[in-house]
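Our numbering numbers the first residue of the sequence shown as 331 and each following residue consecutively. Built from N, CA and C at the ideal position, the CB exists for glycine as well. Remember, it's a predicted structure, so these values are computed and weren't measured experimentally. Structure record follows, encoded as structure tokens.
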Amino acid sequence: DVETGVIRVLKMVGVHNCGIPINPLTAENQFIGAQIQGASWALFEHRTLDRNVGTMVNPNLEAYKLLGPADMFEAVPILTDGANAGNNTSATGMAEPVFVPTLAAIANAVFNATGVRLRELPMTPDRVRAALAAAGKGGKP
Numbered sequence: 331d332v333e334t335g336v337i338r339v340l341k342m343v344g345v346h347n348c349g350i351p352i353n354p355l356t357a358e359n360q361f362i363g364a365q366i367q368g369a370s371w372a373l374f375e376h377r378t379l380d381r382n383v384g385t386m387v388n389p390n391l392e393a394y395k396l397l398g399p400a401d402m403f404e405a406v407p408i409l410t411d412g413a414n415a416g417n418n419t420s421a422t423g424m425a426e427p428v429f430v431p432t433l434a435a436i437a438n439a440v441f442n443a444t445g446v447r448l449r450e451l452p453m454t455p456d457r458v459r460a461a462l463a464a465a466g467k468g469g470k471p
């Protein structure tokens, strides 16, 4: 939303070659969990540290925002099961390979929708509006 700067993920489709999953339902749930964590990190999570002692100064859910039920999107995991030649078990990681590209996918979706590239996480409404204003595309910093 270019007026408010709010980014809302409606649907996320992801594909991952996870080798041969022992439990496909658990693998799908792990995949969805990584998508949720990636979206939460991309849009909400911001850890603030005390510069003198290095402790977290926002260690509660009032100050440290997370993706909540109202922010949830339709998650579509597509697992391709094929032998992984990289090891003798045909297994591969499930969360990390999904988590990292989720951040880039959201940033690219924002760019495609607005023409503005955000390069700092989380992609908060304030940062979206500031980037739009700096690019002369509307928004109020």
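CB contact flag (residue i, residue j, <8 Å)
i	j	result
V430	M342	no
L391	F374	no
A425	V446	no
G344	V428	yes
V336	T444	no
Where the alpha helix (DSSP H) containing residue i begins and where it ends
i	result
A393	Careful: A393 lies outside any alpha helix (DSSP H) and carries neither H nor E.
A437	426-444
G368	354-373
Collapsed DSSP secondary structure at residue i in the structure displayed
i	result
A490	Summary: the structure shown does not reach residue 490, with the chain confined to residues 331 through 471, and so no result is reported for it.
Separation of residue j from residue i, as counted between CA atoms
i	j	result
T432	T419	26 Å
L340	M453	16 Å
A464	N442	17 Å
P531	E450	Since the first residue of the chain shown is 331 and the last is 471, residue 531 is not available in this structure.
R381	N417	43 Å
Continuous beta strand (DSSP E) stretch holding residue i: start and end
i	result
E404	404-410
H346	341-347
From the options, residue whose alpha carbon lies closest to that of residue i
i	options	result
Q365	R447, H346, T378	H346
L379	P389, W371, G412	P389
I352	A421, P427, V428	A421
F403	R338, L409, D456, M386	R338
T356	Q367, N417, L409	L409
Contact with chain B by residue i, beta-carbon distance below 8 Å
i	result
A393	Absence of chain B from the displayed structure is noted, only one protein chain being present.
The ligand GTP heavy atom lying under 7 Å from the CB of residue i
i	result
I350	No copy of the ligand GTP occurs in the structure displayed, which carries no ligand at all.
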